[in-house]
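S.K.:
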Amino acid sequence: MLTLIRAPHNYIQGENALNEFYENVKAMGKNFLIVCSRSGLKASQAKIEASCAGQEISLTFEVFGGISSKSEIARMREIIREKKIDVVVGVGGGSAIDTAKASAYYEGKKIVIVPTVCATDAPCTGLSVIYNDDGSVDSYLFYPTNPDVVIVDSSIICKSPVRFLISGMGDALGTYFEARMCQKAKAPSLENGGVSRSALALCSLCYDTLLEHGVKAKAAVELGLLTPDVDAIIEANTYLSGVGADNGGLAAAHSIYNGFTALEELTSMHGEVVAFGTLVQLILEEGSTDEFYEVMDFCHSVGLPVTLAEMGVSADPERIQIAAEKACLPGESIHNMIGDVTPSQLVNAILVTDALGKEFTE
Ligand SMILES: [Zn+2]
Numbered sequence: 010m011l012t013l014i015r016a017p018h019n020y021i022q023g024e025n026a027l028n029e030f031y032e033n034v035k036a037m038g039k040n041f042l043i044v045c046s047r048s049g050l051k052a053s054q055a056k057i058e059a060s061c062a063g064q065e066i067s068l069t070f071e072v073f074g075g076i077s078s079k080s081e082i083a084r085m086r087e088i089i090r091e092k093k094i095d096v097v098v099g100v101g102g103g104s105a106i107d108t109a110k111a112s113a114y115y116e117g118k119k120i121v122i123v124p125t126v127c128a129t130d131a132p133c134t135g136l137s138v139i140y141n142d143d144g145s146v147d148s149y150l151f152y153p154t155n156p157d158v159v160i161v162d163s164s165i166i167c168k169s170p171v172r173f174l175i176s177g178m179g180d181a182l183g184t185y186f187e188a189r190m191c192q193k194a195k196a197p198s199l200e201n202g203g204v205s206r207s208a209l210a211l212c213s214l215c216y217d218t219l220l221e222h223g224v225k226a227k228a229a230v231e232l233g234l235l236t237p238d239v240d241a242i243i244e245a246n247t248y249l250s251g252v253g254a255d256n257g258g259l260a261a262a263h264s265i266y267n268g269f270t271a272l273e274e275l276t277s278m279h280g281e282v283v284a285f286g287t288l289v290q291l292i293l294e295e296g297s298t299d300e301f302y303e304v305m306d307f308c309h310s311v312g313l314p315v316t317l318a319e320m321g322v323s324a325d326p327e328r329i330q331i332a333a334e335k336a337c338l339p340g341e342s343i344h345n346m347i348g349d350v351t352p353s354q355l356v357n358a359i360l361v362t363d364a365l366g367k368e369f370t371e
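Sequential numbering of the sequence shown, starting at 10, is according to this note's numbering.
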C-alpha cells in the first residue's frame with residue numbers, strides 16, 4: 010500500500026479572519042452560493058458582506074434544512090444551476106458544511122468552508138456524511154480532493170457554545186490513538202492509503218495541543234473570549250484532527266460512537282462519545298496504564314464523559330451489547346484493531362472503562 014497525504018488547498022485561521030473573505034476567494038469566481046445554518050448566517054453574514062462591499066461579486070445566502078440529506082443537496086444543486094454559481098461556500102457546523110461540499114462536488118464547483126463552530130472534522134476532510142430525510146445515516150461520500158479554501162474566524166468560534174468546542178476536543182482526542190493503531194496494523198487511512206509519518210506527526214501534535222491548551226481554551230470560551238489557547242484548540246479541532254483523521258485512519262473509538270447511536274437514551278454529541286470510545290480503545294489495545302489515566306484525566310478536566318451515566322446510558326450489559334454489535338458490523342473501522350475485536354470483548358472493555366471512570370470521578 011502506498012502512503013499518501015492530502016489536505017485543504019488553503020487554510021486560514023485567526024481573529025476576524027472572515028474580514029479577509031474576499032481576498033481569499035476572489036480568484037475563484039464571481040458568483041457565490043453561501044449554504045448556511047441559521048446560526049452560521051447570523052454569525053458570518055455581516056462580515057462576508059462587508060469584505061465583499063464594492064467588489065464585482067454576487068452573494069446568494071441560502072439557509073439549508075438542518076441535515077445533509079439527499080433532498081437538501083438536490084435543492085442546492087438546483088440553485089447552483091439556476092443562478093450559474095461558480096463557487097459554493099459552506100457556513101456553520103458539520104451538516105451545513107457537508108451539504109455544501111456534496112452540492113459543489115456533484116455540480117463540479119469550487120468549495121470554500123467557513124466553520125462557525127468547531128465540533129467535528131467536517132471542515133478539512135475530503136468526505137461528507139449523507140443522511141436520509143428521516144435523519145438516519147445513509148452513506149459516506151468520498152471526494153477526489155479536500156476543500157479549496159477553509160477560513161476559520163476565531164472571533165466567531167470563541168463566542169459559540171462551549172459544548173461544541175469541548176465535543177470537538179473529544180473528536181480530536183481519538184485522532185492520534187486511532188491513527189497510531191492504523192499505522193501499527195498497516196490498515197488504510199480514510200483516503201485508502203498507508204499512514205505516512207507526516208500524518209502521524211499531525212495526529213501526535215493534535216493530542217499534545219489538547220493536553221497543553223484544552224483546559225485554558227475551555228475557560229476562555231466559557232467567557233466568550235479569544236486567547237492564544239483558543240486559537241491552539243481551534244487548530245487542533247479543525248485542521249490537525251480533520252487532516253489527521255483523513256490521512257491517519259480510524260479504529261475503535263469512532264466505531265464505538267457509531268454503536269452508541271443505536272441507543273435512543275444517548276444524550277452525548279459525536280465527539281463526546283468518541284472521547285469515551287478512545288478510553289475503551291486503550292483498554293482493548295492493552296496500552297499503558299499511565300497513558301490511560303492521562304487521557305481520562307484530560308477528559309475529566311475539560312468535561313468530556315468518562316462514564317456511561319455521563320452519556321445518558323446505563324451500565325446494563327444488554328443495552329451495551331446492542332451498541333457493541335452495531336460497533337462491530339462489517340466495514341466498521343474497529344476491525345482495523347490488531348487481532349480484531351468481537352462484540353463480547355467490546356462489551357467487557359466498555360463496562361471496565363465505565364467502572365474505572367466512576368472510581369476516577371468519585
Ligand atoms: Zn469524528
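All residues carry an ideal CB built from backbone N, CA and C; glycine is no exception.
For a minimum of 3 consecutive residues, which ranges assigned as the beta strand (DSSP E) are wholly contained in the region 128 to 189?
M.R.: 136 to 140, 146 to 151 and 158 to 162
S.K.: Apart from the five residues on each side of it in sequence, which residues of its chain come closer than 8 Å, Cβ to Cβ, to K193?
M.R.: I347
S.K.: Which partner residues of E71 appear in the DSSP bridge assignment?
M.R.: Partner(s): V44.
S.K.: Are the C-beta atoms of V350 and some chain D residue less than 7 Å apart?
M.R.: Protein chain content of the structure displayed is limited to a single chain, and chain D is not contained in it.
S.K.: Quick one: is N25 buried, meaning 16 or more other Cβ sit within 10 Å of its Cβ, or exposed?
M.R.: exposed
S.K.: Would DSSP call N25 helix, strand or coil?
M.R.: Of the three classes helix, strand and coil, the one that applies to N25 here is coil, per DSSP.
S.K.: Which one or two residues does DSSP pair with S53 in a beta bridge?
M.R.: S53 pairs with nothing; no bridge assigned.
S.K.: According to DSSP, simplified to helix, strand and coil, what is V230?
M.R.: Of the three classes helix, strand and coil, the one that applies to V230 here is helix, per DSSP.
S.K.: Have a look at L291 and G75 and give me their C-alpha separation to the nearest angstrom.
M.R.: 35 Å
S.K.: Using CA atoms only, rank isn't needed, just tell me which of V315, E303 and E294 is closest to G381.
M.R.: Beyond the ends of the chain as shown, which are 10 and 371, falls residue 381; an answer cannot be given.
S.K.: Based on Cα-Cα distance, which residue from K39, A188 and G286 lies nearest to S176?
M.R.: G286
S.K.: With hydrogens ignored, establish whether the beta-carbon of D363 is closer than 6 Å to any heavy atom of ligand 1.
M.R.: D363: no, Cβ never under 6 Å from ligand 1.
S.K.: For N19, list the residues DSSP reports as bridge partners.
M.R.: V158
S.K.: If you count every other CB in all the chains shown that lies within 10 Å of the CB of M320, and 16 or more means buried, which is it?
M.R.: buried
S.K.: Could you name the residues of the same chain whose beta carbon sits closer than 8 Å to that of E71, not counting the 5 residues immediately before and after it, in chain order?
M.R.: L42, I43, V44, C45, M85 and I88
S.K.: Drop a sphere of 10 angstroms on the beta-carbon of L182, count the other beta-carbons inside from all chains shown, and report buried for 16 or more, exposed for fewer.
M.R.: buried
S.K.: Let me check understanding here. Comparing Cα to Cα, which of I265, V282, F269 and R172 lies closest to L232?
M.R.: R172
S.K.: May I have the straight-line CA-CA distance separating H344 from Q54, to the nearest angstrom?
M.R.: 43 Å
S.K.: Per DSSP, P124 is paired with what?
M.R.: G101
S.K.: What is the C-beta distance between Y149 and K110, in whole angstroms, given that I count them as a contact (C-beta under 8 Å)?
M.R.: Not a contact, Cβ separation roughly 12 Å.
S.K.: State the Cα-Cα distance for the pair I242 and L219, rounded to the nearest angstrom.
M.R.: Between I242 and L219, the C-alpha separation is close to 7 Å.
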